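One structure is given here, and the rest of the page talks about it.
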Amino acid sequence: MTAPFVKNRNESAFFCREMDILTVLPSSFGYVIFTYLYSWIMLGYLAVKVGAARKKYDVKYPTMYSDKEQVFNCIQRAHQNTLEVYPQWLVFQTIAALVYPLSASVLGAIWVTSKFSYAWGYYTGDPAKRMNGVYGYIGYFGVIILSISVALQLLGFF
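Each residue of the sequence shown is one higher than the one before, starting from 8 at the first, in the working numbering.
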């Protein structure tokens, strides 16, 4: 019996002799990949908005927040908060998607869309309006719950 992963003598990368990623992942995982791409667009959008606000409000790098410009701080905070939760979302999104790809994709799209609503509310300069994106918790906690389900299945609880 050979190990499933062997080093190809003609290439520097490892490859899998007995399976490939397209046979391991469910076919509907393609939706999840599009959800990741959607999140990349969202992060890029938020970053561009911060860059434009830096120019408009004359906030130089590496200064994170302005002492004078509250609207800049709101724009920066919308981006920063998203970056703070993004790694956890990626982990739970991926775990959930391995077993529940369509559900995870829908929940992920809800979370990503909510980050636009969150940011647009914050961009008004009124921090309370960031709550326009509160519905994102449906997507965020949804993939956490699905991840817990995956863990329990792996442990044989159901």
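Where is the CB? At the ideal position from N, CA and C, for every residue including glycine.
From a predicted model like this one, the values you see are computed outputs, not experimental measurements.
For the pair Asn139 and Tyr125, the CB atoms are nearer than the 8 Å cut-off. Below 8 Å, too few C-beta pairs join the region 67–74 and the region 40–49 to call them touching: fewer than three. Taking all protein chains shown into account, Gly149 has 16 or more neighbouring C-beta atoms within 10 Å of its C-beta and is therefore buried. Remark: three or more beta-carbon pairs, one from each stretch, lie closer than 8 Å, so the region 141–158 and the region 102–113 are flagged as touching.
In the DSSP annotation of this structure, the continuous segment of the alpha helix (DSSP H) that includes Tyr52 starts and ends at 36–64. About 5 Å separates the CB atoms of Lys122 and Thr89; that is less than 8 Å, so the two are in contact. Between Gly128 and Gly163, the alpha-carbon positions lie close to 44 Å from each other.
For Tyr72, same chain residues with a beta-carbon under 7 Å away, outside a window of 5 residues either side, are Asn80, Gln83 in chain order. As the crow flies, the alpha-carbon of Tyr93 is around 17 Å from that of Ile152. In the three-state reduction of the DSSP assignment, Gly146 falls in the helix class, which pools H, G and I. For Thr131, the secondary structure class from DSSP, reduced to helix, strand or coil, is coil. Between Ala60 and Arg137, the C-beta spacing is not below 8 Å. In the three-state reduction of the DSSP assignment, Lys122 falls in the helix class, which pools H, G and I.
In the three-state DSSP reduction, Phe164 falls in the coil class, being neither helix nor strand.
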